[in-house]
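J.: Residue numbers (our numbering), protein chains in the order written: chain P, 1 to 111; chain E, 112 to 426. We put the beta carbon where it would ideally sit given N, CA and C, even for glycine. Since this is a predicted model, take the numbers as computed values, not measurements.
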Amino acid sequence: MNRPASSTTTATLSLGVCVSDDHALELQAFAVACGVDEAFVGQLVEEGLVQPAIATPTWRFGGEELGRVRRICRLQRDFGANLHSVAVMLDLLDENDRLRVRLLRAGERLP
Amino acid sequence: MEFKDYYKVLGVERTANEDDIKKAYRRLARKHHPDVNKAADAQARMQEINEANEVLGDKEKRAAYDQVGQGARGGQPFNPPPGWDSGFEFSGGPGGFGGSESHSDFFEALFGAARRGGMNGRRPGGGAQAARGRDHHAKVVVPLEDSFHGATREITLHSPEMDASGQVALRERRLQVGIPKGIRAGQQIRLTGQGSPGLGGAPAGDLYLEVEFEPHPRWRVDGRDLYVTLKVAPWEAALGASVEVRTPDGQVEMNVPAGSQSGRKLRLRGRGIPGGTPGDLYVLLEVVLPPADDDKARAAYRKMAQDLAFDPRAS
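(1) So, at 6 angstroms on beta carbons, what are the nonlocal neighbours of E:Gly-304 in its own chain, with the 5 sequence-adjacent residues on each side left out?
(2) By Cβ distance below 8 angstroms, which residues in the same chain neighbour P:Glu-65 in space, the five residues on each side in sequence not counted?
(3) Out of E:Ser-371, E:Glu-219, E:Met-365, point me to the one whose CA is closest to E:Leu-379's CA.
(4) Quick one: which chain E residues come within Cβ less than 8 angstroms of P:Val-19?
(5) Could you tell me the distance, in whole angstroms, from the CA atom of E:Pro-345 to the CA atom of E:Asp-246?
(6) Between P:Ser-20 and E:Val-288, is the Cβ-Cβ spacing less than 7 angstroms?
(7) By the 7 angstroms beta-carbon criterion, what residues does the region 64–76 of chain P contribute toward chain E?
(8) Is E:Ser-258 helix, strand or coil by DSSP?
(9) If we count the other Cβ atoms within 10 Å of its Cβ and call it buried at 16 or more, is P:Gly-16 buried or exposed?
(10) Which parts of the region 299–377 of chain E are runs of the alpha helix (DSSP H), unbroken and 4 residues or longer, counting only runs that do not cross its ends?
(11) Quick one: is P:Gln-51 near chain E, going by C-beta distance under 7 angstroms?
(12) Note down, in chain order, each residue of its chain lying with its Cβ closer than 6 angstroms to the Cβ of E:Leu-350, except the 5 sequence neighbours on either side.
(13) Between the region 311–325 of chain E and the region 244–262 of chain E, do at least 3 Cβ pairs fall closer than 8 angstroms?
(14) Which chain P residues sit within Cβ distance under 7 angstroms of E:His-144?
(15) Grouping DSSP H, G and I as helix and E and B as strand, with all else coil, what is E:Phe-421?
(16) Once the 5 residues before and after E:Asp-130 are set aside, which same chain residues still bring their CB inside 7 angstroms of it?
(17) Thinking just about the alpha-carbon of each residue, which of E:Gln-372, E:Phe-259, E:Ala-241, E:Arg-413 is nearest to the one in E:Asp-404?
(18) So, using beta-carbon positions, are E:His-144 and P:Asp-94 closer together than 7 angstroms?
(19) Under 7 angstroms Cβ-Cβ, which residues of chain E neighbour P:Val-101?
(20) Could you give the distance in angstroms between the alpha-carbon of E:Val-398 and the alpha-carbon of E:Glu-355?
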């Protein structure tokens with residue numbers, strides 16, 4: 001067998017929208033985009049691991065939440081972690097991010 | 112295509128038992144997980160580790176891999192013999208949730224068809240059911256300036272796809288993507304219909320692009336806000352001055368209040384990332400002393416020392 005064949009299509013213009021505000025996702029579309037079911041998103045919100053960007057009248061989610069749910073899934077899968085462990089990991093990672101940003105603001109170059 | 116030595120990737124012997132493999136995987140995952148490790152190659156390394164674990168951690172796949180890999184060494188050119196997998200039936204790998212994790216050509220050649228069959232819920236030879244195409248996820252790294260002015264960037268994506276004859280082909284796609292003005296790092300651009308094609312007439316999935324900014328030599332970004340360090344002369348800091356500050360939108364004039372010290376933070380409201388609620392630009396002052404490298408300069412410092420009676424350690 002040879003290396004899988006490659007094919008190229010010419011560049012097509014795709015404008016796209018930023019997933020936030022007017023384009024924030026309803027629960028169903030959000031769950032599909034995250035590759036999880038709606039009940040799991042509900043559980044994450046209930047446990048306080050994810051917050052809808054817009055809470056009323058219905059939950060809507062933006063890109064940051066999408067990245068967060070995908071991170072939760074990665075942590076669950078790659079470490080075999082349960083949600084409680086993931087919650088601790090997220091707290092530590094968030095803290096780490098905050099400290100990094102503080103260093104960055106102060107002009108420190110991180111390795 | 113090169114042979115991939117998955118045992119070497121996980122750092123275990125070929126005789127390792129399930130437990131050894133699990134332990135080795137966990138140890139490497141902790142070290143290289145891209146959510147933990149900020150190194151640029153962490154994601155690629157983790158993909159390799161995940162791929163090795165997907166094969167060696169699964170009895171069926173490991174047996175198949177051991178059979179085709181007899182005598183092969185990592186990095187050697189490798190082509191699986193025709194029909195090598197006829198004796199195996201894979202029960203659809205852990206594959207997982209997003210399904211966007213990419214695999215090497217080597218993995219795709221060995222396990223690709225079985226994996227995709229499992230993930231789409233479509234068995235080889237079975238009837239195709241209507242199903243919406245999978246969403247794809249990728250990252251796009253853009254200059255900070257794109258968020259100020261909007262831009263169009265060309266990105267290249269590679270995705271393995273099965274053609275009509277069941278062969279895996281790597282498809283390369285080039286897309287012109289509009290970067291909306293005001294976008295921030297961590298946000299996502301959704302391109303409707305640019306994911307996997309749907310099955311049985313169902314719609315295609317979407318493509319989500321997570322935005323990241325290239326590190327900028329001048330501005331540091333925190334959400335909507337920008338930070339910049341501005342060097343000022345001692346007399347500008349002491350007496351106050353009007354100075355020019357460069358923003359991604361051009362020069363603006365800023366007043367340095369009299370009596371400023373190094374580290375003072377001044378805010379230029381609304382000069383951060385544009386949007387309904389625009390961010391701010393924070394200017395951190397750094398007082399730079401003129402060098403005392405000639406008589407005139409040394410005399411000026413001596414005069415200051417005499418005239419000011421200043422003790423920086425007084426308090």
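T.: The short version:
(1) Ala-315
(2) Phe-30, Val-50, Gln-51, Pro-52, Ala-53
(3) E:Met-365
(4) Gln-298, Gln-299, Ile-300, Arg-301, Tyr-319
(5) 56 angstroms
(6) no
(7) Glu-64, Leu-66, Gly-67, Arg-70, Arg-71, Cys-73, Arg-74, Leu-75
(8) helix
(9) It is buried - the Cβ of P:Gly-16 has at least 16 other Cβ atoms within 10 Å.
(10) 345–350
(11) no
(12) Ala-369
(13) yes
(14) Chain P residues near E:His-144: Asp-78.
(15) coil
(16) Listed in chain order, the non-local C-beta contacts of E:Asp-130 below 7 angstroms within the same chain number zero, local neighbours out to five positions each way being set aside.
(17) E:Arg-413
(18) no
(19) Asp-333
(20) 15 angstroms
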